[in-house]
Structure formats: C-alpha cells, structure tokens
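A.B. asks: Sharing a structure, written as structure tokens. Questions coming.
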C-alpha cells in the first residue's frame, strides 16, 4: 500500500486498502477529480457557483472517505478540541 494514503489522518489499513484497490497508485492522478472530490461548477456570464460534490469515480472511495472524516470529528470531540 502507498504510505501517503496511510499517512492521512483517519485512514487506517482497511480504508487505505479500499482506496488502493479502487484507484491504484494515487500518485498517478494530478488532482482529486477521478474519485469525485471536486464540486460541480455552474457558470453563466459573471455568475460562478460551486454545487454538490460530483459523483464521478468509485462511490466506495467516497463512502470510506466520509467515514474517515466522521472518525476524525468524533475523535476531536472526545478530546474536547
């Protein structure tokens, strides 16, 4: 597994394995659009709006990422931060 994935807060071995299995080596992607972590963009003339997160790429990666973020939030609340 890639050490960069494991170094992220909230990412354990299972989540890292899911990410690795879904996308392979993350270093081959210059940005996060492949897994759908980019907002949808609405542009018309002078109006620029960002919408919801796109649903491109494997949904399991987004699911595990959301769970990792929830773990981070819970651990910070437990510490009183």
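In our numbering, the protein residues as written are 36 to 116.
Glycine is no exception: its CB is placed at the ideal position from the N, C-alpha and C atoms.
#1: Relative to the C-alpha of residue 102, which candidate in 83, 38, 81, 46 has its C-alpha closest?
#2: If we count the other Cβ atoms within 10 Å of its Cβ and call it buried at 16 or more, is residue 95 buried or exposed?
#3: Can you list, in chain order, the residues of its chain whose CB lies under 8 Å from that of residue 88, leaving out five sequence neighbours each side?
#4: Can you say whether residue 100 is buried or exposed, counting buried as having 16 or more other CB atoms within 10 angstroms of its CB?
#5: Given a threshold of 16 other Cβ atoms within 10 Å of its Cβ, counted over all protein chains shown, does residue 82 qualify as buried or as exposed?
C.D. replies: Once the coordinates are examined:
#1: Ranked by how close their Cα comes to the Cα of residue 102, the residues 83, 38, 81, 46 have 46 in first place.
#2: Counting Cβ neighbours within 10 Å, residue 95 comes out exposed, since fewer than 16 surround it.
#3: The beta carbon of residue 88 sits closer than 8 Å to those of 71, 72, 73, 74, 75, 97, all from its chain and outside the five residues before and after it, given in chain order.
#4: Classification for residue 100: buried.
#5: Residue 82 should be labelled exposed.
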